[in-house]
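Going down the list, the protein sequences come from chains A and B.
According to numbering that gives the first Met the number 0, numbering within the first sequence proceeds without interruption in unit steps and concludes at 216.
According to numbering that gives the first Met the number 0, numbering within the second sequence proceeds without interruption in unit steps and concludes at 406.
By construction, the Cβ of each residue, glycine as well, lies at the ideal position given by its N, Cα and C atoms.
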Amino acid sequence: MIDISTCRFKYENETILDIDSLHIKEGEHIFLHGKSGSAKSTFLNLLCGVLEPTFGDIEVLGTKFSSLNGLQKDRFRADNYGIIFQQFNLLPYLSVEENISLACGFSKSKSATKEEIENLLDALQLSVDLKTPAMKLSVGQQQRVAAARALIGKPKIILADEPTSALDSQTKESFMRVLFNQVEVQNATLIFVSHDKSLASNFNTVYDFAKLNKAFV
Amino acid sequence: MIFNLSYRSVLNRKTAFFLSVFSIAISVVLLLGIERVAKSSKEHFLNTIHETDMIVAASEGSIDILLNLVFHIGDGLKEMDYGSYEEIAKFEEVAWAVPLSLGDSFRGFNVMATNEDFFKHYKYGSGELLEFKEGGTFSGFYDVILGSNVAKKVGLKLSDRVHLSHAEEHHEHQNREFIVSGVLKESKTPNDDLVFMQLKTDEAIHLEWQSGHFVDMQIESERLSHMDIKPRHLSGMLLGLKNSLQILHVEDKINRYKGENLKVAVPAKALSKLFKLMQYFQDVLSFISIAVFITALFTMLSSMFSTLNERRREIAILRSLGASVKIIFVLFAAESLLIISSAIVLGITLLTLLIALVPSTISINIMPDMHEIIMLLVMVAVSLMAAFIPAISSYKQSLQDGLMVKI
């Protein structure tokens with residue numbers, strides 16, 4: 000469902016990313032092991048259409064990014080992606096519920112009732128009042144709300160960029176477990192980026208990003 | 000949804016928001032306030048005298064004549080002969096003529112000596128006559144009529160007895176007692192601050208004044224009132240013509256009047272001349288308020304810029320959820336719209352309170368007129384455009400950041 004045959008990206012006249020080929024099948028759980036400086040953030044930006052390759056193309060769900068304009072790419076991302084960052088995923092001044100339903104605000108295909116949000120939070124084993132402001136949550140709780148926002152509306156692709164790096168080992172484990180469960184339930188494709196190799200065992204495919212990216216020496 | 004987001008985001012940065020709103024609100028108060036005071040005072044000035052075709056006096060300068068005889072400010076005019084008044088009043092083109100003599104004062108208020116014709120012919124606003132709240136025009140020799148402010152401030156009412164003083168000196172015409180025969184209704188014209196007496200009375204009591212010194216001639220009040228005293232001098236006269244089209248003709252006739260050198264002021268012309276002088280001050284004030292508005296805009300911009308860095312995350316989150324770059328511009332525009340509209344509402348509220356609380360002799364309109372609405376719309380447009388400056392910075396930043404903000 001994600002097909003890259005050649006993809007190069009230049010930043011200030013220097014090629015920082017060069018991938019020959021990468022094919023990800025639907026429902027696959029990919030672990031990208033990336034050292035810092037290996038341009039994995041650039042790769043994720045390319046993968047969700049925020050950056051454009053200098054050379055080559057990326058095809059997602061049968062759509063070539065080169066065939067979409069900026070607005071269409073934004074809409075495509077809204078409809079098909081759920082993204083979780085390292086931390087500070089939430090708008091602190093919005094409530095839990097508002098943060099989650101924000102994902103539906105920019106997409107035509109995503110929608111969520113209050114019940115669906117509650118069920119999803121249950122599945123992620125998070126019990127907080129939906130009206131709680133995001134700034135009152137602990138980091139662990141925030142990451143679960145972020146996961147809920149990524150999963151809401153059942154997008155096909157979940158991108159997670161170091162989602163556990165701010166968590167202690169116990170919350171990390173339970174976070175991984177509930178995330179995996181829910182990705183399975185929704186039959187989503189998961190692309191998980193981390194420098195923490197101990198997490199790799201749960202995944203069916205593991206890539207070393209430093210090897211994948213030929214520009215990284 | 001975007002407006003809700005913008006609103007919540009702004010509330011999250013309350014202090015900066017309220018500072019921006021408040022500083023812009025002050026400039027709204029200044030801009031509208033100056034505009035309104037200028038407009039209302041213009042109306043007020045233009046409404047002071049109505050249907051008087053000309054004012055005749057012995058001095059040069061129509062503004063001087065106007066200031067002295069209509070607004071009762073200025074250094075006083077050269078006196079004209081009463082005989083000239085009598086002759087001009089007899090011109091065939093003249094419908095009515097009212098003699099005026101100023102000079103005395105009563106507890107800081109000007110005394111105007113005239114006759115009962117003043118109340119029949121002096122019109123203001125859109126043609127209203129001065130009306131009496133109590134009593135009526137002169138009947139007895141020692142009658143005085145008080146303007147509404149005089150009655151209010153001095154605390155006098157109908158049939159009260161008063162002593163008047165001469166000129167600026169504080170010798171009172173001790174032995175002459177006057178009776179309040181009438182109190183005028185408030186007209187919001189300079190007449191509210193006048194004390195009226197009859198010309199012949201004025202002349203009679205001045206029999207005892209020679210070159211500024213009081214000479215007690217021991218004339219009893221009763222006898223004085225029966226003496227046949229003819230006024231000798233006037234400050235000027237108001238003139239109404241049978242046909243207003245003859246103004247130029249009559250003006251010419253008065254200019255060529257043999258008896259003495261007289262000058263004509265046409266109120267409408269003199270008023271607009273006076274107003275041109277005042278326009279300059281209004282322009283200066285408007286310039287200052289525009290400068291205040293620009294300063295306020297910079298306050299808004301600097302508060303937007305100061306929060307730009309902490310908003311990088313906010314924008315990256317929205318971008319990751321599929322918000323287009325257009326959204327960034329809309330967010331900033333919405334924020335500035337929120338600031339400027341709150342500022343306008345606050346500004347108008349403050350101004351209305353200010354107008355209601357500060358006592359003024361002129362009535363100031365509360366509702367904004369077309370010109371003010373256009374001015375406010377220009378302010379909105381300018382602040383919307385100003386919001387583009389931080390929006391562009393933020394947009395460039397977001398292109399560089401992508402979704403993964405590293406701070």
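Asked                                                                                                                                                                                                       : Found
Span of the beta strand (DSSP E) holding B/K262?                                                                                                                                                            : K262 to A264
Between the alpha carbons of A/L218 and A/N98, how many angstroms are there, rounded?                                                                                                                       : Chain A is shown from 0 up to 216; residue 218 of chain A falls before or after that span and cannot be answered.
Looking at C-beta atoms only, is the number of pairs between the segment 56 to 71 of chain A and the segment 36 to 43 of chain A that lie closer than 8 Å three or more?                                    : no
In the structure shown, what three-state DSSP assignment does A/C47 receive?                                                                                                                                : coil
Tell me whether B/E115 sits in a helix, a strand or coil according to DSSP, three-state version.                                                                                                            : coil
Run through DSSP, which three-state label would B/G135 get?                                                                                                                                                 : coil
Closer than 8 Å, Cβ to Cβ, to anything on chain B: give me those residues from the segment 105 to 117 of chain A, in chain order.                                                                           : F105 and S106
Count the other C-beta atoms from every protein chain shown that fall within 10 angstroms of the C-beta of B/G154, then say buried if there are 16 or more, exposed otherwise.                              : exposed
Tell me whether the segment 193 to 209 of chain A and the segment 23 to 34 of chain A touch, counting them as touching only if at least three CB pairs, one residue from each stretch, are closer than 8 Å. : yes
Is B/E59 near the ligand ADP, with its Cβ less than 7 Å from a heavy atom?                                                                                                                                  : With respect to the ligand ADP, the structure offers nothing, as it holds no ligand at all.
Using Cβ-Cβ distances below 8 Å, what residues of the segment 49 to 74 of chain A are close to chain B?                                                                                                     : V49, L50, G69, L70, D73 and R74
Under 8 Å by Cβ, that's how I've got B/A390 and B/L296 pegged, so tell me the actual separation to the nearest angstrom.                                                                                    : Rounded, the Cβ-Cβ distance is 15 Å, inconsistent with contact.
Which residues in chain B have a C-beta closer than 8 Å to the C-beta of A/N88? List them in chain order.                                                                                                   : I316
Return helix, strand or coil for A/N88, following the three-state DSSP convention.                                                                                                                          : coil
Please identify the residue among A/K109, A/T188, A/L43 and A/R7 whose C-alpha is closest to the C-alpha of B/V404.                                                                                         : A/L43
Taking Cβ positions only, does A/D19 come closer than 8 Å to chain B?                                                                                                                                       : no
If you compare alpha carbons, which of A/S94, A/T62, A/H28 and A/V95 is closest to A/A199?                                                                                                                  : A/H28
Please list the partners that B/R7 has in chain A, where partner means a Cβ-to-Cβ separation under 7 Å.                                                                                                     : Y92 and L93
Mind checking which residues open and close the alpha helix (DSSP H) that includes A/K72?                                                                                                                   : G69 to N79
How far does the alpha helix (DSSP H) with B/E371 in it reach, from first residue to last?                                                                                                                  : M369 to D400
Exposed or buried, A/D160, counting other C-beta atoms within 10 Å across all chains shown (16 or more means buried)?                                                                                       : buried
Within 10 Å of its beta-carbon, does A/Q181 have 16 or more other beta-carbons around it, so buried, or fewer, so exposed?                                                                                  : buried
Quick one: grab the DSSP three-state call for B/L18.                                                                                                                                                        : helix
Quick check: what's the CA-CA separation for B/K122 versus B/L99?                                                                                                                                           : 15 Å
Tell me which residue opens and which closes the beta strand (DSSP E) that B/S104 is part of.                                                                                                               : V93 to F105
Would B/N46 count as contacting chain A if we go by Cβ distances under 8 Å?                                                                                                                                 : no
Check distances from the C-beta atoms of the segment 318 to 351 of chain B to those of chain A and list, in chain order, the residues that come in under 9 Å.                                               : R318, S319, L320, G321, A322, S323, V324, K325 and I326
From B/E86 to B/A57, what does the alpha carbon distance come to, in whole angstroms?                                                                                                                       : 15 Å
Between A/S94 and A/L129, which are expected to be in contact by the criterion C-beta below 8 Å, what is the C-beta distance as a whole number of angstroms?                                                : 6 Å
Can you grab the Cα-Cα spacing for the pair B/A267 / B/S180, in whole Å?                                                                                                                                    : 32 Å
Considering only C-alpha positions, which residue in the set B/A24, B/E130, B/H120 and B/D74 is nearest to B/T348?                                                                                          : B/A24
Taking only the alpha-carbon atoms, compute the straight-line gap between B/F387 and B/S397 and give it to the nearest angstrom.                                                                            : 15 Å
Using a Cβ-Cβ cutoff of less than 8 Å, which residues in the same chain neighbour A/A147 once the five nearest sequence positions on both sides are dropped?                                                : I99, I116, L119, L120, L123 and L125
Look up B/E127 in the DSSP assignment and say whether it is helix, strand or coil.                                                                                                                          : strand
Quick one: grab the DSSP three-state call for B/D282.                                                                                                                                                       : helix
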